Amino acid sequence: MFDKILIANRGEIALRILRAAKELGIATVAVHSTADADAMHVRLADESVCIGPPAARESYLNIPSIIAACEITGADAVHPGYGFLSENARFAEVLAHHNIGFIGPKAEHIRVMGDKIEAKRTAKRLGIPCVPGSEGGITDPEEAKRVAAEIGYPVLVKAASGGGGRGMKVARTEGDLEQALTMARTEAKAAFGDDAVYLEKYLTKPRHIEVQILGDGRGGAVHLAERDCSLQRRHQKVWEEGGSPALDAAMRAEIGGICANAMRQLSYLGAGTIEFLYEDGQFYFIEMNTRIQVEHPVTEMITGIDLVNEQIRVAAGGGLSVVQEDIRVEGHAIECRINAEHPATFRPSPGLITYFHPPGGLGVRVDSAAFQGYRIPPNYDSLIGKLIVHGRTRNECLMRLRRALDEFVVDGIDTTLPLFRTLVRNADVQNGDYDIHWLEDFLAREGLSETDPKR
Ligand code: ADP
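Next up, the structure:
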């Protein structure tokens with residue numbers, strides 16, 4: 403087992419990792435930018451190192467500084483959390499070169515899954531169902547027309563190095579295609595420095611359903627059921643739940659089995675998420691995330707398994723603590739991402755939290771690094787905490803969530819709490835009757851999506 407873990411992240415996920423390390427009796431090192439000197443992850447870690455100025459590029463993304471922090475403190479492993487360096491294959495290789503463990507997958511798997519065309523090719527080879535589309539990248543408009551005619555309109559042009567929904571354009575007819583192709587390539591080049599794009603059938607009313615997996619890196623892998631993350635705004639997840647209101651136990655076992663089997667073939671190491679769109683009873687692979695995800699607590703609440711603890715164990719060369727037969731889904735869990743944003747304009751609202759009272763009680767979990775008197779710096783994403791609620795049934799979970807949301811007080815800044823108080827009372831949400839477009843349509847209908855001219 404590792405003796406000392408350096409956490410190359412900040413905010414609630416840094417705390418989440420600290421907690422798992424402490425329970426394992428492993429010493430912890432926090433790194434932070436100058437903007438985060440007073441942050442909770444710095445206060446709770448055994449040691450801390452300042453690694454640079456506020457800009458993430460010069461601190462949380464600064465590989466030489468992080469390696470130096472490992473050497474100064476004698477950390478023998480790094481946990482990257484999510485975002486920042488978590489899906490950077492080169493970072494994993496540099497750590498290996500310095501004999502420092504990386505608590506994440508093998509570099510080759512990060513690299514394959516980071517390229518969407520390569521990821522899709524790999525998924526297909528491993529027996530994972532994919533969205534019909536082009537076999538590889540497309541540059542020639544005539545070839546695009548041929549492929550689009552084959553798969554049928556509408557089609558989606560997607561960037562191979564895409565992320566955060568950028569570089570995606572829908573073409574409803576052949577007349578739209580050339581322009582969609584040009585626009586997607588230009589946007590992809592500007593955002594990712596790579597203009598490779600590919601085509602996919604555009605699904606009109608899918609749900610987003612993702613399967614959590616864990617691999618031991620030696621050919622053993624399990625799945626831990628699914629999360630439904632269909633409630634999204636601008637391709638960003640807002641509300642996540644497990645299990646999906648659209649699946650039953652047999653469907654869960656089937657898609658989970660396909661994913662676990664694929665990971666066994668890869669000898670995948672660590673935690674990962676295989677993301678699908680789900681429409682008319684069919685699953686379509688869209689991408690794989692080779693890291694712990696923001697919404698991982700949903701899975702922890704319904705399975706009772708500590709995913710970060712498992713990540714650390716397998717990275718240190720130990721096996722998984724569970725076999726598939728032990729993993730049972732108990733009850734239902736919902737997570738709300740509480741952002742420091744205006745609930746209607748979604749404009750970021752950094753600043754001083756003058757009062758902070760998180761909810762409690764049976765089945766209520768709050769993962770947050772915020773506290774009364776904390777000043778949210780303007781330099782990073784606006785997630786200030788996650789409220790995760792568990793109940794024996796989905797109905798009990800919804801009742802408990804409504805109560806917990808009403809109890810949550812955050813003063814001094816705007817938060818998205820009022821949006822969740824509205825959502826939990828909405829009939830479609832209560833019935834689980836929503837797809838990936840539902841939330842944006844709802845916000846437009848309710849006049850809750852005033853466009854902020856600054857964004
Ligand atoms: P990114 O890496 O940019 O987030 P994804 O491939 O994960 O890109 O897609 C992001 C979102 O875009 C999905 O959650 C879904 O809402 C939408 N999307 C992606 N592919 C399709 C498709 N073929 N049809 C319809 N919507 C899609």
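FYI, the numbering for the sequence shown is 403 to 857, going by the numbering used here. All C-beta atoms, glycine included, are put in the ideal place defined by N, C-alpha and C. Only a predicted model underlies this, so the values are computations on that prediction, with no experimental measurement involved.
- In this structure T606 is exposed. Its beta-carbon is surrounded by fewer than 16 other beta-carbon atoms within 10 angstroms.
- No heavy atom of the ligand ADP is found nearer than 7 Å to the CB of R523.
- Counting along the chain, C452 sits inside the beta strand (DSSP E) bounded by residues E449 to G454.
- By the neighbour-count definition (other C-beta atoms within 10 Å, threshold 16), Y757 is an exposed residue.
- Three or more beta-carbon pairs separated by less than 8 Å are not found between the segment 822–836 and the segment 763–778, which leaves the two stretches without contact.
- A distance criterion of 7 Å places the beta-carbon of G674 beyond contact range of the ligand ADP, judged by its closest non-hydrogen atom.
- Taking 3 residues as the minimum length, the beta strand (DSSP E) runs contained wholly in the segment 664–720 are 671–681 and 684–691, in order along the chain.
- Rounded to whole angstroms, the gap between the alpha carbons of G674 and K788 is 20 Å.
- Under the three-state reduction of DSSP, H610 is assigned to strand.
- For N833, the uninterrupted alpha helix (DSSP H) run begins and ends at A829 to N833, by DSSP.
- Using a 10 angstroms sphere on the CB of A477, the tally of other CB atoms reaches 16 or more, which defines it as buried.
- Relative to the non-hydrogen atoms of the ligand ADP, the Cβ of L679 comes within a distance shorter than 7 Å of at least one.
- Boundaries of the alpha helix (DSSP H) around S467: I465 to T475.
- Here N797 carries a helix assignment [DSSP, helix/strand/coil].
- Annotation: C799 to T430 spans about 34 Å, alpha carbon to alpha carbon.
- Per DSSP, the continuous alpha helix (DSSP H) segment holding G577 begins and ends at E576 to F594.
- N490 is classed as buried because its beta carbon has at least 16 other beta carbons within 10 Å across all chains shown.
- For the options E697, A550 and A592, the alpha carbon positioned closest to that of G564 is the one of A592.
- Assigned with DSSP and collapsed to three states, H625 falls in strand.
- For secondary structure counted as the beta strand (DSSP E) over 3 or more consecutive residues, the segment 466–544 holds these complete runs in sequence order: 479–481.
- In the DSSP assignment, N781 is bridged to no other residue.
- The beta carbon of N741 sits closer than 7 Å to those of S784, L785, I786, T817 and T818, all from its chain and outside the five residues before and after it, given in chain order.
- Here E612 has E628, R629, C631, T675, I676, E677 and F678 as same chain residues with Cβ atoms under 7 Å from its own Cβ, once five neighbours each way along the sequence are excluded.
- Between the segment 432–440 and the segment 493–510 there are fewer than three C-beta pairs closer than 8 Å, too few to call the two in contact.
- DSSP, reduced to helix, strand and coil, places M570 within a strand of the structure shown.
- Counted as a single uninterrupted DSSP element, the stretch harbouring T824 is not any beta strand (DSSP E) but the alpha helix (DSSP H) occupying residues L819 to L825.
- In this structure, P534 sits away from I505, with a CB-CB distance that is not shorter than 8 Å.
- Around the Cβ of G720, a 10 Å sphere holds fewer than 16 other Cβ atoms; the residue is exposed.
- Short note on K571: C-beta not closer than 7 Å to any heavy atom of the ligand ADP.
- Short of 6 Å from the beta carbon of M801, and not among the five residues preceding or following it, lies no beta carbon of its own chain.
- Excluding sequence positions up to five before and after P556, its CB lies within less than 6 Å of the CB of V572, R574 and Y604, all in the same chain and listed in chain order.
- In this chain, the alpha helix (DSSP H) harbouring A423 covers G413 to E425.
- Non-local beta-carbon contacts of A582 in its own chain, meaning distances under 6 Å to residues more than five positions away in sequence, involve V559, K571 and A573 in chain order.
- Here DSSP, grouped into helix, strand and coil, assigns T756 to coil.
- In the DSSP assignment, R767 falls within the unbroken beta strand (DSSP E) covering V766 to D769.
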